[in-house]
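Undergrad: Once you've had a glance at the structure underneath, I'll fire off some questions.
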Amino acid sequence: MKTQDTFKKIISHCKEYGYIFQSSEIYDGLSAVYDYGPYGAELKKNIKDYWWAAMVKLHENIVGIDTAIFMHPKIWKASGHVDAFNDPLVDNKDSKKRYRADTLIEDYIANKIDKKINKEIEKARKRFGDAFDEQQYRETNPRVAANIAKRKDIMDAFTKAMEAGDMEALKAVIVDNEIVDPETGSKNWTDVRQFNLMFATKMGAVAEGADTIYLRPETAQGIFVNFLNVQKTSRQKIPFGIAQIGKAFRNEIVARQFIFRMREFEQMEMQFFVRPGTEMEWYHKWKETRMKWHRTMFPEAKLRFHDHDNLAHYANAAADVEFEFPFGFKELEGIHSRTDFDLKAHQDLSGKKLQYFDPEIDDSYIPYVVETSIGVDRMFLATISNALVDEEVPDSKGGTATRTVLKIHPALCPVKVAILPLVKTDEKLTTKAREIFNQIKFAHNCQYDEKDAIGRRYRRQDAIGTPYCVTVDGQTIEDNTVTLRERDSMEQIRIAIDELESHIAAKLDFRTLLS
Ligand code: ATP
Numbered sequence: 037m038k039t040q041d042t043f044k045k046i047i048s049h050c051k052e053y054g055y056i057f058q059s060s061e062i063y064d065g066l067s068a069v070y071d072y073g074p075y076g077a078e079l080k081k082n083i084k085d086y087w088w089a090a091m092v093k094l095h096e097n098i099v100g101i102d103t104a105i106f107m108h109p110k111i112w113k114a115s116g117h118v119d120a121f122n123d124p125l126v127d128n129k130d131s132k133k134r135y136r137a138d139t140l141i142e143d144y145i146a147n148k149i150d151k152k153i154n155k156e157i158e159k160a161r162k163r164f165g166d167a168f169d170e171q172q173y174r175e176t177n178p179r180v181a182a183n184i185a186k187r188k189d190i191m192d193a194f195t196k197a198m199e200a201g202d203m204e205a206l207k208a209v210i211v212d213n214e215i216v217d218p219e220t221g222s223k224n225w226t227d228v229r230q231f232n233l234m235f236a237t238k239m240g241a242v243a244e245g246a247d248t249i250y251l252r253p254e255t256a257q258g259i260f261v262n263f264l265n266v267q268k269t270s271r272q273k274i275p276f277g278i279a280q281i282g283k284a285f286r287n288e289i290v291a292r293q294f295i296f297r298m299r300e301f302e303q304m305e306m307q308f309f310v311r312p313g314t315e316m317e318w319y320h321k322w323k324e325t326r327m328k329w330h331r332t333m334f335p336e337a338k339l340r341f342h343d344h345d346n347l348a349h350y351a352n353a354a355a356d357v358e359f360e361f362p363f364g365f366k367e368l369e370g371i372h373s374r375t376d377f378d379l380k381a382h383q384d385l386s387g388k389k390l391q392y393f394d395p396e397i398d399d400s401y402i403p404y405v406v407e408t409s410i411g412v413d414r415m416f417l418a419t420i421s422n423a424l425v426d427e428e429v430p431d432s433k434g435g436t437a438t439r440t441v442l443k444i445h446p447a448l449c450p451v452k453v454a455i456l457p458l459v460k461t462d463e464k465l466t467t468k469a470r471e472i473f474n475q476i477k478f479a480h481n482c483q484y485d486e487k488d489a490i491g492r493r494y495r496r497q498d499a500i501g502t503p504y505c506v507t508v509d510g511q512t513i514e515d516n517t518v519t520l521r522e523r524d525s526m527e528q529i530r531i532a533i534d535e536l537e538s539h540i541a542a543k544l545d546f547r548t549l550l551s
């Protein structure tokens, strides 16, 4: 299936099976805002619980908090968001489409130059076989060397323009390299201008004279300004971390990728406070720890690091964990060494000391911070993208049929068990099935379903991602056993009702992922 088709299928599956709806759909929708349906809300909650378990529950030195979305406007001045949380924006005069100038240039490098370089190298690799020396080929093949040099020139000019916030220089990179509108091929660009991504509103009963406040663009600042409150009340010693899950808002310029880039989204962030000078050690530790977490859910081939050359104003090292979405490898999580930038800025602007007394070295200092920051919604999209498959299965007539199945890890699935009476017309079966449902529902998220033929009900549960189906039939009434069907293998076993709960419990427990 083409990548575009795969992505469309994910979006329509999410809608059809109650995972995600466009916000305000009956009014033709609100761009880049989405609502989570009954199964979506469950999956989202499980993803958050799994992150919380891995970060807060498993680490004695990480505590969780929950801070307000509204904060004092000076916070965003100190953090640099008022002055520097901008994206460079450019419009195409012919197509009227709006782009981020930086992504336009990055995509040009990836799709035009890198692709050419890699194609030449792959061709040569096939031609030379085992004797192929890639490094030598990169340096000596004139076409490859020319493209590598061109790439370096563009990257240098691009990085310099971004660091200096020089919008004219950024436009020059687009014009000089004849970068076109990817949808229409037009080169007719407006000037590049800065666009602040924060949403502003007014606080107070009277808008006139009221203070402008912002909807937080990240949850991290709520952690920084509470750093000492938390440290003192939880009696933590450095190194320690503060974690938080919450909504964030960004007025994104280009938002065309479903829940990948939203204007209202949710973040799971952890700020780890360390002694100055030890931050690189912790940065590498957290990179590895977070990658391990992702590997518990996704195959290694779908994950990679991308180390940043172009650093944010607050960072001295940064890397993304990238996931292979249907539209390519993209950022799923950011890991940043944020230095003492935020705490220092808040100390300076508020006039309140944000220092930690370290008894081990008998000295006070502003801690350095390593941050891990992941979007819940992006994690959700990665989970669904990784899980949704169409596969050939044997049908009841000896032929084959296609089934659509969401192979989400059982511990994260919205519904854990479906209880299905074989036929709905037999009261003995429905009563027994209800009995089992009423017993299991205290332990696991269950669904009772008696509508349609059993085969269709199995397919429906496969599409929702339910790992277990329990079928109640005539034999159940005689010997108190049921058929237990497992989603991925479609294997069916006969099992006593009494053993049901413990049999499935192990697989549904987060511990199967965490250990
Ligand atoms: P991008 O480069 O894709 O704009 P970013 O580098 O600005 O992302 P961060 O500020 O590092 O993102 O935010 C941390 C995490 O929050 C990201 O890794 C991503 O998972 C999530 N995130 C950021 N912006 C959005 C958004 N508009 N919609 C959904 N998730 C987002």
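Be aware that the sequence shown starts at 37, since it is given in the working numbering, and climbs by one per residue. Even glycine gets a Cβ: it sits at the ideal position worked out from N, Cα and C. Predicted model only: the values in this text are computed from it and were never measured.
Please classify Glu407 as buried or exposed, where buried requires at least 16 neighbouring CB atoms within 10 angstroms.
TA: Per the 10 Å Cβ criterion, buried.
Undergrad: Let me check understanding here. Comparing Cα to Cα, which of Ile149, Gly364, Val126 lies closest to Asp138?
TA: Comparing Cα positions, the closest option is Val126.
Undergrad: Return the bridge partner residues of Arg229 from the DSSP annotation.
TA: Answer is Leu125, bridged to Arg229.
Undergrad: How about Glu254: is its Cβ closer than 8 angstroms to a heavy atom in the ligand ATP?
TA: At least one heavy atom of the ligand ATP is nearer than 8 angstroms to the Cβ of Glu254, so yes.
Undergrad: Once you ignore the five residues that flank Arg493 on each side, which residues in its own chain have a CB closer than 6 angstroms to its CB?
TA: Around Arg493: Leu456, Asp485.
Undergrad: For Thr255, which of helix, strand or coil comes out of DSSP?
TA: In the structure shown, Thr255 sits in coil (DSSP, three-state: anything other than H, G, I, E or B).
Undergrad: What do you reckon, are the CB atoms on Tyr404 and Ser373 nearer than 9 angstroms?
TA: Going by C-beta atoms, Tyr404 is nearer than 9 angstroms to Ser373.
Undergrad: Alpha carbon to alpha carbon, how far is Val310 from Ile274? Give it in angstroms, no decimals.
TA: When rounded, the distance between both Cα atoms is 6 angstroms.
Undergrad: What separation, rounded to the nearest whole angstrom, lies between the Cα atoms of Gly313 and Ala120?
TA: Rounded to whole angstroms, Gly313 to Ala120 spans 26 angstroms at the Cα level.
Undergrad: Please determine, among Ile281, Glu514, Ile371, the residue with the shortest C-alpha to C-alpha distance to Ala89.
TA: Of Ile281, Glu514, Ile371, the residue nearest in Cα terms is Ile281.
Undergrad: Applying the 10 Å Cβ sphere with the 16-neighbour rule, what's the burial state of Asn92?
TA: Per the sequence presented here, residue 92 reads as Val, with Asn not at that position. Result: buried.
Undergrad: With 16 other CB atoms within 10 Å as the buried threshold, where does Thr438 fall?
TA: Its Cβ having fewer than 16 others within 10 Å, Thr438 is exposed.
Undergrad: Run the proximity test for Lys223: is its beta-carbon closer than 8 angstroms to any non-hydrogen atom belonging to the ligand ATP?
TA: Every heavy atom of the ligand ATP is 8 angstroms or more from the Cβ of Lys223, so no.
Undergrad: Return the CA-CA distance between Lys196 and Ile153, expressed in angstroms with no decimal places.
TA: Each residue's alpha carbon lies about 24 angstroms from the other.
Undergrad: If contacts are defined as beta-carbon pairs under 8 angstroms, then Pro253 and Met234 qualify, I think. What distance do you get, rounded to the angstrom?
TA: So it is a contact: roughly 5 angstroms between Cβ atoms.
Undergrad: Does the Cβ of Glu369 have 16 or more other Cβ atoms within 10 Å, making it buried, or fewer, making it exposed?
TA: Flag for Glu369 reads buried.
Undergrad: How many Å lie between Ile157 and Tyr173 at the Cα?
TA: Cα to Cα, the separation comes out at about 8 angstroms.
Undergrad: So, is Leu25 buried or exposed, given that buried needs 16 or more other C-beta atoms within 10 angstroms?
TA: A query on residue 25 cannot be resolved here, the shown segment of the chain reaching from 37 to 551 and no further.
Undergrad: Would you mind reading off the limits of the beta strand (DSSP E) that contains Ile513?
TA: Run containing Ile513: none in the beta strand (DSSP E); it sits in the alpha helix (DSSP H), 510-515.
Undergrad: Are the Cβ atoms of Leu520 and Gln528 separated by less than 9 angstroms?
TA: For Leu520 and Gln528, yes; Cβs fall inside 9 angstroms.
Undergrad: Please say whether Gln303 and Met107 have beta carbons closer to each other than 9 angstroms?
TA: Contact flag unset, no.
Undergrad: Please determine whether the Cβ atom of Leu339 lies at a distance below 8 angstroms from any heavy atom of the ligand ATP.
TA: Outside the cutoff, so no.
Undergrad: Compute the Euclidean distance between the alpha carbons of His344 and Asp413, then round it to the nearest angstrom.
TA: Those two C-alpha atoms are separated by around 23 angstroms.
Undergrad: Excluding the 5 residues flanking Gly76 on each side, which residues of the same chain have their C-beta closer than 6 angstroms to its C-beta?
TA: Taken in chain order, the residues that qualify are Tyr55, Ile56.
Undergrad: Between Ser409 and the ligand ATP, is there a pair consisting of the residue's CB and a ligand heavy atom that are separated by less than 8 angstroms?
TA: The answer is yes for Ser409.
Undergrad: Is the distance from the Cβ of Phe231 to the Cβ of Ile289 below 9 angstroms?
TA: For Phe231 and Ile289, yes; Cβs fall inside 9 angstroms.
Undergrad: Would a C-beta distance cut-off of 9 angstroms place Ser562 and Phe296 closer than the cut-off?
TA: Nothing can be reported for residue 562, as the shown portion of the chain is limited to 37 through 551.
Undergrad: Along the chain, where does the beta strand (DSSP E) that runs through Asp71 open and close?
TA: Per DSSP, Asp71 belongs to the beta strand (DSSP E) from 70-72.
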